[in-house]
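Everything below concerns the one structure shown next.
Written out as structure tokens, the structure reads:
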């Protein structure tokens, strides 16, 4: 009897309540979810051979039993060498070796039956055949683990293990589901499937899990088999369709037609503290053009650290204010909101605009007064954190929203703030350069402007790498700059006890609090040192930043709260302790806190001894100052989720498509999606597509307000 796609997992043989709970924890709740839990790689185990027939140099699968096993070295940290001898009915023996293999000592015990897959080598020292680090699957255990023909003697799908459900069990369960699976409805427009010669949806899902014999293994592991290509394309197609419909509906909404009068131009010129770069002028022109249209603007402005995004946003705000509207500026942290307030307040007050700051730590009495003034239209510029999104915050006439570092907010938060205005124009800013393919998926509903030029007179920051035992060299460089009248930051990745569990994980780390004491009392007792971290109260943070800006403190010891928004031109040294604990893009952001004046600036990265990946990351930063190149490398090394360090990023949780691996398919899908939305084959086809997106995609991809 066929399984319904929305059936609970417990209807599948071999999935009891315990296994179902483990799968649900991974987001696999129904039969349909399980069908879309695709393998992450494939192994060609079709070369199944008795040990006696093995030859050096070939890839083979062997079914054998553990004859003997031993572990030498340190078990505690999995540092030992684990060796096992295997035998089968052919009378031959095969040696398996695993460095850092202590974890196998309890699994591969004498008498255990196992499938081994790997490359056959000849051990000259022992004069016998061996496999180094073969893939292993235990063949003893539950009867419900299925027939070994599923796991050997063919191209085998390998799934990421889910809690205590191992890849072998998953393979068996998914095979059972495929055997009872009804034909899947194919929602992809027929003319696109025909044009691209795609297999049917049901066939594609089956072949992605269990490829037919003869499918090239390389093609499978590059995710370019016809079945995989179709499923990847389909995922991107619906995502891009949803974003395109959302963008078009937003453009069709009535918005504010801001007038670019002579008075507006004069006020913008009066606001500017310096001559803008060509890139700043170009981006302002794009924004002003959008603002003059009668539909709401939704634009992303991205640019490298120090490229002058904030001043462009301020110029755009002038257009709204001079047209009689209020402006809201939303920042992800109190310290960044406060920085925007301090840097923008003098610029706006020069033009006679009142500016307010509203954060979680604004005193209750002051908060109520500010809210009343905002509601009455007495405050044209409101700068704040999530406090601006609270339900009781009302604007008299909100017409323009600036959101800084959008990836730290959810898509819904942008939407919630926009609802407080009369379909206001929205400008999103980010200093995290985002590669084009990633921007297409996160910000697919936004037009994109890029400031790709730094203000004149800025020198390239010299970046150097020191290990912990060379830290005195870094400190002497810092003192040299201080002696010349400059200032410096020293940044740490943690502050003592900053969150539950941190202390236990980071006992070996130097907490910023302790290092503040160390630097101020022992290393630089004659130099004023300040301390800034996220647990300080608002007034203390303000005092610490004000003292540093005024030059009263020469060294500021800080956590990453100074990552964005801090602008002290006299600061020329950035020391980052335990730099290996930061992402590349975050290090690039921190480096951008210096180099804001005309003097040569330095970024000194202090690390423990590094592995090869760590060396590559640090080398990338030492060699390059191009934020986009650095972001690309960071993305490759860490993946999109960790790249942003937050689940709030609005990143779609793709099932088989991969933004880094499949940019070519993404571009093709975007092209087809745009054509489909612009000229659907029929009104019925378009309505069906909208219903499909609403039913299947809004929950997963945050495509709010599609229909």
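Numbering (this note's numbering), first residue to last: 133 to 839. All C-beta atoms in this analysis are idealised placements derived from N, C-alpha and C, irrespective of residue type, glycine included.
Residue from the options whose Cα sits closest to the Cα of residue i
i, options, result
"residue 555", "724, 417, 428", "428"
"residue 711", "722, 704, 703", "722"
"residue 494", "518, 828, 795", "518"
"residue 586", "464, 728, 796", "728"
"residue 180", "701, 192, 484, 263", "192"
"residue 335", "353, 349, 359, 352", "359"
"residue 286", "624, 349, 527", "349"
"residue 522", "500, 512, 508", "500"
"residue 297", "269, 288, 311", "269"
"residue 472", "579, 156, 459, 489", "489"
"residue 515", "504, 528, 486", "486"
"residue 223", "204, 257, 229, 183", "183"
"residue 530", "537, 234, 511", "511"
"residue 732", "750, 159, 704, 700", "704"
"residue 397", "450, 438, 426", "450"
"residue 189", "476, 262, 438", "262"
"residue 194", "204, 284, 256, 257", "284"
"residue 340", "346, 326, 357, 329", "357"
Where residue i falls, given that 16 or more other Cβ within 10 Å makes a residue buried
i, result
"residue 627", "In this predicted model, residue 627 has a pLDDT of only 42, less than 50, meaning its place in the structure is not dependable; the value taken from the coordinates is given anyway. Buried, because 16 or more other Cβ atoms sit within 10 Å of the Cβ of residue 627."
"residue 134", "exposed"
"residue 840", "One cannot answer for residue 840 here, as it falls past the ends of the chain, which runs 133 to 839."
"residue 250", "buried"
"residue 794", "buried"
"residue 243", "exposed"
"residue 657", "exposed"
"residue 809", "buried"
"residue 455", "buried"
"residue 802", "buried"
"residue 369", "buried"
"residue 625", "buried"
"residue 384", "exposed"
"residue 391", "exposed"
"residue 532", "buried"
"residue 352", "buried"
"residue 258", "exposed"
"residue 321", "buried"
Local conformation of residue i per DSSP, three classes
i, result
"residue 584", "coil"
"residue 662", "strand"
"residue 510", "coil"
"residue 827", "helix"
"residue 815", "helix"
"residue 323", "helix"
"residue 677", "helix"
"residue 794", "coil"
"residue 255", "strand"
"residue 778", "Reliability fails at residue 778, whose pLDDT of 42 lies under 50, so the model's placement of it is uncertain and no value is given."
"residue 561", "strand"
"residue 313", "coil"
"residue 149", "helix"
"residue 579", "strand"
"residue 808", "helix"
"residue 239", "coil"
"residue 135", "coil"
"residue 260", "strand"
"residue 293", "coil"
"residue 422", "helix"
"residue 759", "helix"
Residue interval of the beta strand (DSSP E) (run including residue i)
i, result
"residue 432", "430-435"
"residue 596", "594-599"
"residue 336", "Careful: residue 336 lies outside any beta strand (DSSP E), inside the alpha helix (DSSP H) at 333-341."
"residue 101", "Here the chain comprises residues numbered 133 to 839, so residue 101 is not present and cannot be evaluated."
First through last residue of the alpha helix (DSSP H) which encompasses residue i
i, result
"residue 477", "466-482"
"residue 232", "It is not in any alpha helix (DSSP H) - residue 232 carries neither H nor E in the DSSP assignment."
"residue 689", "Unbroken run through residue 689 is the beta strand (DSSP E), 687-690; no alpha helix (DSSP H)."
"residue 704", "Careful: residue 704 lies outside any alpha helix (DSSP H), inside the beta strand (DSSP E) at 703-708."
"residue 352", "349-353"
"residue 166", "163-167"
"residue 610", "603-615"
"residue 443", "441-454"
beta-carbon residue i near the ligand NAD non-hydrogen atom, thresh 8 Å
i, result
"residue 367", "Inclusion of the ligand NAD in the displayed structure is not the case, the ligand content being empty and no account of it being possible."
Cβ of residue i within 9 Å of any chain D Cβ
i, result
"residue 735", "The chain labelled as chain D is not found in the depicted structure, where only one protein chain is given."
Suppose only complete runs of 4+ residues qualify. What are the alpha helix (DSSP H) ranges in the region 361-420, listed by chain order?
394-403
Quick one: which unbroken beta strand (DSSP E) runs of 3-plus residues sit fully inside the region 176-228? Chain order, please.
191-204, 213-219
Can you give, in chain order, each stretch of the alpha helix (DSSP H) that sits fully within the region 715-749 and has at least 4 residues?
716-723
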